[in-house]
Amino acid sequence: MGVNQREPLLQVQDLSIDFHTAEGVVHAVNNLSFDLYPGDTLGIVGESGSGKSVSSLACMRLIPNPPGKIISGKILFHGQDILTLPENQMIRLRGNKISMIFQEPMTSLNPILTCGSQIAESLILHRGMKKKEAMAEAEKLMNDVGIANAKRRMHEYPHQMSGGMKQRVMIAMALACEPEILFCDEPTTALDVTIQAQILDLIRSLNKERGTAIVMITHDFGVVSEICERVLVMYTGRIFEEAPASVIFRDPKHPYTKGLIESIPQMSEERGALPMIEGTVPNPTEPVNGCSFSPRCVSAMPRCGKEDPCVMKLPDGRRVRCWLYEQQGEREGAAAVPKEEKS
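Remember, our numbering sits 3 above the position in the sequence shown when you count from 1.
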């Protein structure tokens, strides 16, 4: 991956997040670290329960407490730890410099306010616009995201719009204050393929035309291949592989990454049943011995069930959490100690 000479826009350092539930403590994110640079397009992928959405919510400081709690770590935006900011300062930052497109626009939009007024609200709050000026800007934003007849539709309520139109309203809201970072949490879920392609084109153009750094949270490697230059593969709250998207599709290293990519349908091939990763994600409330993926891994060795692997930095710069690469890579720190064993 090389040495990046730019200053990171966002730095997540050793972030751990727990949720206290009736069944026990869920270790949702474990010692997560990554950097995001201006103009980056970063994909965070993994199965449901891998911790990818929780990580993005933490960067917006939207983890519900209780039951969630950030146990340790830092989230630095322009070098300042947002986890230490007073709530009034975080309110000025959230939706302004850092925005998010949520997975379900119907539950994220207020059903009793018109779409235009919801976009204008952010402009009034963060940019100090008067209502008339904010509504005019809201109409322009709706035009920019491809909503036809924006002058009329800005006065409509969310229930009057299709799923694709509601998602465009969410994008217009997220872009209202020209954020430096845009988190996209499964933004094309439940949309048909035509609308999905339009939404991805829109997100791509935002990155290229405005220089907005994009973090795409998804389980879909197809979406990642369309948008992202760099990929983090997460499993049980940890990064298992980090590499440029072009490299990871051509030559995935971690057995988990290989399994995910092999399960992608290929239009150019005639195949029978798609390969699948056997087994299920382990119960997050139960302690795991060794590598959390080892019970499902086709390449597992006896060591994998006993020792938790540390991250190996390979000669090409990619990072892989796997004992298979111990001889090829350079260790980055010691293997993690399970929370139950920490003093």
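All C-beta atoms, glycine included, are put in the ideal place defined by N, C-alpha and C.
- Scanning its chain for C-beta atoms nearer than 6 Å, with the 5 sequence neighbours on each side dropped, one finds around GLY54 the residues ALA31, VAL32, MET237, GLY240, in chain order.
- The Cβ atoms of THR288 and GLY52 do not sit closer than 8 Å to each other.
- Beta-bridge partners assigned by DSSP to LYS77: GLN16.
- Taking the C-beta atoms as reference points, LEU18 is found nearer than 8 Å to LEU35.
- In the three-state DSSP reduction, SER120 falls in the helix class (H, G or I).
- Here the alpha carbon of LEU86 sits roughly 9 Å from the alpha carbon of CYS62.
- In summary, THR110 is exposed, with fewer than 16 beta-carbon neighbours lying within 10 Å of its beta-carbon over all protein chains present.
- Taking 8 Å as the cut-off, the Cβ atoms of ILE280 and GLY308 do not count as close.
- Classified as exposed, LYS135 has fewer than 16 neighbouring CB atoms from the shown chains inside 10 Å of its CB.
- Excluding residues up to 5 positions away in sequence, MET157, HIS158, GLU159, TYR160 lie with their Cβ nearer than 7 Å to the Cβ of THR117 in the same chain.
- For CYS62, the enclosing alpha helix (DSSP H) covers residues 55-62.
- Taking ASP188 as the centre and dropping the five residues before and after it, the same chain places the C-beta of SER56, SER59, MET103, ILE104, PHE105, GLN106, ILE220 closer than 7 Å to its C-beta, in chain order.
- Here ALA216 is bridged, per DSSP, to ILE184.
- In this structure HIS257 is buried. Its beta-carbon is surrounded by 16 or more other beta-carbon atoms within 10 angstroms.
- DSSP, reduced to helix, strand and coil, places ILE206 within a helical segment of the structure shown.
- C-alpha of THR197 to C-alpha of ARG207: approximately 16 Å in a straight line.
- DSSP, reduced to helix, strand and coil, places THR197 within a helical segment of the structure shown.
- Secondary structure at ASN33: strand, using DSSP grouped into helix, strand and coil.
- Leaving aside the five residues that flank VAL323 on each side, the residues in its chain whose CB is nearer than 6 Å to its CB run, in chain order, GLU244, LYS256, HIS257, MET315.
- For PRO11 and LYS100, the gap between their C-alpha atoms comes out near 15 Å.
- A direct Cα-Cα distance of roughly 20 Å separates ILE242 from ILE66.
- By the neighbour-count criterion, in which 16 or more other beta carbons inside 10 Å mark a residue as buried, ILE115 falls on the exposed side.
- Residue pairing of SER228 in beta bridges, as defined by DSSP: absent, with no partner found.
- By the beta-carbon neighbour count (other beta carbons within 10 angstroms, threshold 16), SER75 is exposed.
- Nearest C-alpha to MET173 among ASN152, ARG155, LEU205, ASP195: LEU205.
- THR260 sits in a helix when the DSSP states are folded into three classes.
- A distance of 8 Å or more separates the beta carbons of SER297 and PRO278.
- Comparing C-alpha distances from GLU183 to each of LEU235, VAL218, GLN121 shows the shortest one belongs to VAL218.
- In the DSSP annotation of this structure, the continuous segment of the alpha helix (DSSP H) that includes MET93 starts and ends at 90-96.
- Contact between LEU79 and GLN14 holds: their C-beta atoms lie close to 4 Å from each other, under 8 Å.
- In the DSSP assignment, GLN83 is bridged to PHE80.
- Assigned with DSSP and collapsed to three states, GLY52 falls in coil, not helix or strand.
- HIS81 is the residue among VAL29, ALA25, HIS81 whose C-alpha sits nearest the C-alpha of ARG9.
- In the DSSP assignment, TYR328 forms no beta bridge with any residue.
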